[in-house]
Amino acid sequence: MISGTVALVLVAALAACAPASGARTSAEATPENPLVLTLANNLDDDHVTSQALASFAEDVKRRSGGRVVVKIYGSGQLGAEPEVLGQLHEGIVDMTRTSAPGLATYAPGYHTFGLPYVFNSEQEFYEAMDSPQMAEYFRSTADEGFLGLTYYSSGARSFYTRNTPVRTPEDLRGMKIRVQDMRSQTDLVGGLGAAPVVMAFSDTYTSLQTGLIDGAESNETVLTESAHGEVSHAFSKTEHTRIPDVLVISTQTWERLAPADEQMLTDAARASTEQQKAAWAKTTEQAVAEAKAMGVEFITDVDTTAFRDASRPVVDRYARQYPEVAELLSVITAGKRGTP
């Protein structure tokens, strides 16, 4: 992650180069004078999803014959996700990869992806996310300033603790659990009887080490890639959320693309998702093996029915508060069942 000052300089430079109204379309671009699309990504370049984005960029160049070029600014070069989404709305950035709930600021339906047990298995997740209904939903936010091109898996999030296995909601009561700065996550953890602690991810290791917190929640890769397996020894497979990343494109940029290039970009994005699926599965498998060697115990006899029942009020509350959430829950249900 680079400094905020450098990020500001880069953003200012991009803003100066941002296309004005009536700028040329992709149909007018040539290999000698290509249409350059900026893509912001705050993940490290060696992350499995960053590698999928790199493949996407290469594929776009190949499919377009060099007329369209995707330039990736990785490792948070353009700032944190909320800042980049603002840049996307202003037309400074063309595309970005973001955690789906972060889009709820602009399209409340995206709160849905942060809610517990929306997907009960990996198979359900992929069925719903690959469905025509989800593709239609991704396109439905054009008036909010962006459209979804595709998604990437970030695995199933579970609770992991310093020492205490978590098999039922009662086991969480009174525990201090680090959560992301998302209301759905604080609502979930608080509703289960634990004390949600919002803190920077970079502070989580030390906080686990010193006992400032009792645990956190994430996917298995955090145990090895961030070494949390050194300071937490019980990973309980509650699999309470499956939060996708979404590759979004600015509506302003989308409208500058010829129809054939819209389809080309969509096809390249979907191809990168298929690549990322396989890579994510392999990465997770390796992380589990390495974490076990570090001494982490994986708790599989979790009462997921009890967790689902205990967290259901959170889902119901969001569905009542946001009609868009109720709508997307219906879309997901239809996608899982394969109904038209």
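Going by mature numbering (1 follows the signal peptide of the UniProt record, and there is no 0), the letters in the sequence shown line up with residues -22 to -1, 1 to 318, in that order. Note that the Cβ used here is the ideal one computed from N, Cα and C, for glycine as well. Remember, it's a predicted structure, so these values are computed and weren't measured experimentally.
query, result
"DSSP-derived helix/strand/coil call for Gly126", "strand"
"For residue 319, three-class secondary structure by DSSP", "No statement about residue 319 is possible, as the shown extent of the chain runs from -22 to 318 and does not include it."
"Close Cβ partners of Arg145 (< 8 angstroms) along its chain, the five nearest in sequence each way excluded", "Ser214, Ile277, Asp279, Val280, Asp281"
"Straight-line gap, Ala134 to Thr262 (C-alpha atoms, nearest Å)", "10 angstroms"
"Extent of the continuous beta strand (DSSP E) run through Phe213", "212 to 219"
"For Val224, the residue or residues it bridges with in DSSP", "Thr76, Tyr129"
"Residue environment, Arg151, which counts as buried when at least 16 other CB atoms sit within 10 Å", "exposed"
"Bridge partner(s) assigned by DSSP for Glu275", "Ala212"
"Minimum Cβ-Cβ distance from Arg135 to chain B less than 8 angstroms", "In the displayed structure, chain B is absent; only one protein chain is listed."
"Local conformation of Glu68 per DSSP, three classes", "coil"
"Under 8 angstroms between C-beta atoms of Ala247 and Phe116", "no"
"Nearest-angstrom beta carbon gap, Asp223 and Tyr129 [assumed within contact, 8 angstroms]", "7 angstroms"
"Status (buried if at least 16 other CB within 10 Å, exposed otherwise) for Thr216", "buried"
"Buried/exposed call for Val14, threshold 16 Cβ in 10 Å", "exposed"
"Environment of Thr199 [buried if 16+ CB atoms lie within 10 Å]", "buried"
"Best match in His25, Val176, Leu235 for proximity to Arg45 [C-alpha to C-alpha]", "Leu235"
"Secondary structure of Ile191, DSSP reduced to three states", "coil"
"Under the three-state DSSP convention, the category Val200 falls into", "helix"
"Ser53 and Asp72 closer than 8 angstroms at C-beta", "no"
"Supposed close pair Ala30, Gln254 - CB separation, criterion 8 angstroms", "4 angstroms"
"Burial state of Ala271 (16 or more Cβ within 10 Å)", "exposed"
"Host alpha helix (DSSP H) of Leu17 (start-end)", "Per DSSP, Leu17 belongs to no alpha helix (DSSP H); it is in the beta strand (DSSP E), 13 to 18."
"Beta-ladder partner(s) of Thr139, from DSSP", "Gly193, Ala212"
"Residue range of the unbroken alpha helix (DSSP H) whose run includes Arg290", "282 to 299"
"Pro291 burial status per 10 Å Cβ neighbour count (16 or more: buried)", "exposed"
"6 angstroms CB neighbourhood of Ala312 in its chain, flanking five on each side removed", "Gln111"
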